[in-house]
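S.K.:
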Amino acid sequence: MLKVAKHSLENKKLFCFNLSAPFLSQFNTKEVDEMISYSGIVFGNESEAEAYGEVHGLLDGTVHATARKFKLCYLVIFKGFVINTCYEGMLKVAKHSLENKKLFCFNLSAPFLSQFNTKEVDEMISYSGIVFGNESEAEAYGDVHGLLDGTVHATARYIADLPFADGEKRKRLVIITRGKNPLVYTDSFDSEIHQFMVEQFADDQIIDTNGAGDAFAAGFVADYIRGKPMVTSLHSAVRAATYIICRSGFSLGSRDSYLLKINK
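Under UniProt numbering, think of the first position of the sequence shown as 1, with each following residue one higher.
#1: Does DSSP put Gly133 in a helix, in a strand, or in coil?
#2: Within 10 angstroms of its Cβ, does Leu19 collect 16 or more other Cβ (buried), or is it exposed?
#3: For Tyr185, name the three-state secondary structure that DSSP assigns.
#4: Any idea what DSSP makes of Phe231, helix, strand or coil?
#5: Would you identify the three-state DSSP class for Cys73, choosing helix, strand or coil?
#6: Identify, in the order they occur along the chain, each residue of the same chain with its Cβ nearer than 6 Å to the Cβ of His194, setting aside the five sequence neighbours on each side.
#7: Hey, is the segment 93-109 in contact with the segment 121-135, meaning 3+ C-beta pairs nearer than 8 Å?
#8: Pull the bridge partners of Asn18 from the DSSP assignment, please.
#9: Just tell me which of Phe104, Thr209, Tyr158, Thr155 has its CA closest to the CA of Val221.
#10: At a cut of 8 Å, does the segment 111-127 reach the segment 150-157 through at least three beta carbon pairs?
#11: On a CA-only basis, which of Asn11, Ala51, Leu147 is nearest Phe23? Give me that one, please.
#12: Taking DSSP's pairing of strands, which residues face His194 in a bridge?
#13: Which value, in whole angstroms, describes the spacing of the CA atoms of Lys180 and Gly57?
#14: If distances are taken between C-alpha atoms only, which option among Cys246, Gly219, Ser188 comes closest to Gln205?
#15: Would you list the residues sitting across from Thr242 in a DSSP beta bridge?
#16: From the DSSP output, read off the bridge partner residues of Leu173.
#17: Excluding five sequence neighbours on each side, which residues of the same chain lie with their C-beta closer than 7 Å to the C-beta of Ser39?
#18: According to DSSP, what are the bridge partners of Arg178?
#19: Rounded to the nearest angstrom, what separates Ile176 and Ala212 at their Cα positions?
#20: Would you give the residue range spanned by the alpha helix (DSSP H) that Lys3 belongs to?
#21: Considering only C-alpha positions, which residue in the set Met230, Lys101, Ala218, Glu120 is nearest to Gly89?
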């Protein structure tokens, strides 16, 4: 495990670590800290974070204090469905991200959210550095906000230009997918609306579209947060989504077959 961690750091690859269980921080403190020292992303649940904080003598033993210690949540991606289940928690993470200059991403997720949770969706966008959505979601958002130009291009421009919650001028990237048609993207510092061609394949190759949007977002941010060019990040996003569409459910085959598909 340590060899992989060192290799990742030496070759500028993203290494992720999961706290996994409270007892690991309690009885393998040195090893956990060493893994964290190589990690670009650290995952954990509440009990694991509290155990870590207690072992390290944090006076404020909250999850928030532990997250600040090793800067958890550099990147947070939320699907809009959380709005209906844990909105207050979602809002806390969004505010923490903005206050600590961390990247918060939001997915429009479904047309009905913009239609019936308009206020909450707009509030999430006000904290977001990246907003993802598909064509129907963008159209629903534009319709609810009374945009005279109902195209996805106009909606992407509108979302990109919305103010941040703290009133500061920041970059907000908006990416809208359109099925087999070129996706569109822009940001708050770019007056142009750009298009990016997506991979075309036969209808009989489509097995299951569930999870395609999640795969797209994950593929994009995996490259984007490492400073890869926009086109490279979009290419990875499309490849990841294409891979998932050609499988049943949100699943991966062997790692070799996945990497071959993504990197070809």
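No residue lacks a Cβ here, since even glycine has one placed at the ideal position from N, Cα and C.
M.R.: Taking the geometry as given:
#1: The three-state reading of DSSP puts Gly133 in strand, counting E and B together.
#2: buried
#3: In the structure shown, Tyr185 falls within a strand segment according to DSSP collapsed to helix, strand and coil.
#4: For the record, residue 231 in the displayed sequence is Val; it is not Phe. Reduced to three states, the DSSP call for Val231 is helix.
#5: Low confidence applies to Cys73: its pLDDT is 40, below 50, so where it sits in the model is not reliable enough to give any reading.
#6: Tyr185
#7: yes
#8: Phe43
#9: Phe104
#10: no
#11: Ala51
#12: Tyr185
#13: 53 Å
#14: Cys246
#15: Answer is none; Thr242 lacks a bridge partner.
#16: Ile130, Asp187
#17: So the qualifying residues of the chain are Phe15, Cys16, Phe17.
#18: Partner residues in the beta bridge of Arg178, as assigned by DSSP, are Asn181.
#19: Between Ile176 and Ala212, the C-alpha separation is close to 13 Å.
#20: That run of the alpha helix (DSSP H) goes 2-10.
#21: Glu120
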